[in-house]
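In the working numbering, the protein residues as written are 2 to 593.
Where is the CB? At the ideal position from N, CA and C, for every residue including glycine.
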């Protein structure tokens, strides 16, 4: 079952939309703000000085009216850095600093207003404060103002202006601005896509220890985005980001170990360690991977109940595919009591989210009434949508359903050929070969409706991979049914048929064509050979033709004994012409 785990996530880079989603998560989180772990700046060039000031001295300076000290103290209270977190104190000190015209104080107060920490959220006022601080040249305020414009928070959304502001702040060594600018260039949002320049800004941000930038460098080098592909170097960057706790990098390292791309053979135990690390940080796809491992015993002992728990966790994190796997486990009773209705509910959730696999599974439930009332029309819509979305096997479910319906109608206690033909047609139009063959047979012989040899020929062609269809096509061309007679085309189909299956009738038909030069030059030896093989299998027409050939002397000087042997066998099996011949030779007089 290992292949199932590995196949779930093909090796593809994050799409721009996913990158921007990550971007939003990062910028909307206070974790991007200044702190020892992130190494990001907030208060401008003098920040290192203020970081080193002891808390007691800082309070003394702030109370003495030093606006920069007030801003630093406000930030420490806001983040709980060396002091108990207190948004009220952060507001008090940042307000005093801002009132003194200190750009750093305005930036901190704006940050509190932006996030609604300690006071009602007011992003318009936050943006005003960021602008005031930015006008004083505060690099971090320029970065924060860019966020407001990028997301339209407190100001009109203007992504181009946001990019311009980030470029300014990045030039002033603001690490988060470097990262933000790089992401915009990578995704082409607010600026023309330029992954070469994006790479340079990711590098600059990585030097300043922005963990997300290291992850994105892993993406760029792994997939050759903005630089020649270098998967080994990509893994190095993933490793650095993963060790610093980046969950996306941890997930990618898990993928690399599982796929044997980490410098070793596939290592599911190693992969599981990284997937678990990412899952602990609520990475939805990582939770799915951990669930798969426990379900199938890949890299860990099989544990269906634990797998179910991980699927539930992934689903709670918004991982739509988790609902499909939950549905499958619950439908099959893996790790829980089987419950078709609950399973169908999970499939429905995935289907309504537009997941092709979910559409296919919920469509199947509706088609067969598994946990929900039968609704064939809706099932068909869902299964077709799933196929269009890339879940190709979805149409197979419909094919099999309509073929089974056709068989049921045809072989019921009270057969309904017309309904059978309609069902066969639906299945055949979806590509079901056996249904196409049955539809052709019905059209050929007028079952369930008027005979239509031309249409029968069309459906036989669609079923031509099947042996029976090849033989039928040979007959249609040989006798000119639904098409102009063409012995050469008939011969071609008979030859294909005997290659696929040593059927007595197919060998007889091929032997007949060879013996009498139908569609080919006459070849008595080959013809007699095929006829004899068919005759030995009990093909009565082959026995008659073989006896006639020996009687006529087509083979050497003739062989009356063998001729009578085959003609007698054919007569015994009910061949009328063989019986008539034997009756004539028993009467006195000349024999024709």
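C-alpha gap between residue i and residue j, whole angstroms
i: residue 525; j: residue 511; result: 12 Å
i: residue 44; j: residue 358; result: With a pLDDT of 35 at residue 44, under the threshold of 50, the modelled position of this residue cannot be trusted; read the value that follows with caution. Approximately 50 Å between the Cα atoms of the pair.
i: residue 30; j: residue 294; result: Here residue 30 scores only 47 on pLDDT, less than 50, and its place in the model should not be relied on; the value that follows carries that caveat. Going from the Cα of residue 30 to the Cα of residue 294 covers about 32 Å.
i: residue 56; j: residue 346; result: 57 Å
i: residue 423; j: residue 454; result: 17 Å
i: residue 217; j: residue 172; result: 20 Å
i: residue 488; j: residue 482; result: 12 Å
i: residue 58; j: residue 262; result: 53 Å
i: residue 388; j: residue 378; result: 16 Å
i: residue 103; j: residue 182; result: 26 Å
i: residue 210; j: residue 237; result: 15 Å
i: residue 35; j: residue 112; result: Because the pLDDT of residue 35 is 34, which lies under 50, any placement of that residue in the model is unreliable, and the number read from its coordinates should be weighed accordingly. Rounded to whole angstroms, residue 35 to residue 112 spans 12 Å at the Cα level.
i: residue 226; j: residue 186; result: 12 Å
i: residue 270; j: residue 338; result: 29 Å
i: residue 399; j: residue 144; result: 55 Å
i: residue 267; j: residue 230; result: 21 Å
i: residue 156; j: residue 175; result: 22 Å
i: residue 37; j: residue 79; result: The predicted model places residue 37 with a pLDDT of 28, which falls under 50 and marks its position as unreliable, so this point remains unresolved.
i: residue 516; j: residue 495; result: 14 Å
i: residue 432; j: residue 282; result: 46 Å
i: residue 560; j: residue 554; result: 7 Å
i: residue 445; j: residue 485; result: 15 Å
i: residue 138; j: residue 223; result: 38 Å
i: residue 3; j: residue 299; result: Unreliable positioning characterises residue 3 in this predicted model, as indicated by a pLDDT of 39, which lies under 50. A coordinate reading is not provided.
i: residue 514; j: residue 550; result: 13 Å
i: residue 140; j: residue 274; result: 40 Å
i: residue 451; j: residue 462; result: 20 Å
i: residue 250; j: residue 110; result: 34 Å
Test item: CB-CB of residue i and residue j under 8 Å
i: residue 538; j: residue 505; result: yes
i: residue 297; j: residue 303; result: yes
i: residue 579; j: residue 568; result: yes
i: residue 394; j: residue 361; result: yes
i: residue 124; j: residue 149; result: yes
i: residue 242; j: residue 285; result: no
i: residue 191; j: residue 161; result: yes
i: residue 1; j: residue 464; result: With the chain covering only 2 through 593, there is no way to say anything about residue 1.
i: residue 468; j: residue 498; result: yes
i: residue 180; j: residue 163; result: no
i: residue 68; j: residue 98; result: yes
i: residue 86; j: residue 115; result: no
i: residue 439; j: residue 397; result: no
i: residue 207; j: residue 215; result: yes
Anticipated Cβ contact below 8 Å, residue i with residue j, distance rounded
i: residue 334; j: residue 309; result: Residue 334 to residue 309, Cβ: 11 Å. No contact.
i: residue 502; j: residue 545; result: Rounded, the Cβ-Cβ distance is 23 Å, inconsistent with contact.
i: residue 441; j: residue 473; result: 7 Å
i: residue 351; j: residue 325; result: 5 Å
i: residue 272; j: residue 255; result: 4 Å
i: residue 320; j: residue 289; result: 6 Å
i: residue 419; j: residue 449; result: 5 Å
Residue span of the alpha helix (DSSP H) that contains residue i, given as start and end
i: residue 334; result: Where residue 334 is concerned, there is no enclosing alpha helix (DSSP H), given that its DSSP letter is neither H nor E.
i: residue 454; result: 454-463
i: residue 209; result: Neither: residue 209 is in no alpha helix (DSSP H) and is coded neither H nor E.
i: residue 570; result: 561-573
i: residue 640; result: The first residue shown for the chain is 2 and the last is 593, placing residue 640 beyond what the model contains.
i: residue 265; result: Residue 265 -> no alpha helix (DSSP H), and no H or E assigned at all.
i: residue 179; result: 176-188
Cut-off 7 Å between Cβ atoms - residues of its own chain near residue i, not counting five sequence neighbours on either side
i: residue 391; result: 357
i: residue 366; result: 345, 348, 372, 373
i: residue 146; result: 128, 131, 132, 135, 166
i: residue 536; result: 543, 544, 547, 567
i: residue 8; result: Residue placement at residue 8 is poorly supported in this model, since its pLDDT is 41, which falls under 50; the coordinates are not used for a value here.
i: residue 46; result: Because residue 46 sits at a pLDDT of 35, beneath the cut-off of 50, its placement in the model cannot be relied upon, and the following sentence gives the value as read from the coordinates. Around residue 46: no qualifying Cβ.
i: residue 84; result: 56, 77, 78
i: residue 195; result: 186
Contact set for residue i: own chain, Cβ-Cβ below 6 Å, skip 5 residues either direction
i: residue 521; result: 492
i: residue 287; result: 252, 276, 279, 280
i: residue 411; result: 421
i: residue 552; result: 564
i: residue 490; result: 478
i: residue 202; result: 179, 182, 183
i: residue 107; result: 99, 130, 133, 134
i: residue 527; result: 515
i: residue 532; result: 512, 543, 546, 547
Cβ shell of residue i (< 8 Å), same chain only, five flanking positions each side left out
i: residue 540; result: 505, 506, 508, 509
i: residue 54; result: 62, 70, 73
i: residue 460; result: 429, 437, 438, 440, 441, 444
Interface flag, residue i vs chain B, CB-CB below 8 Å
i: residue 536; result: Absent from the structure: chain B. Only one protein chain is present.
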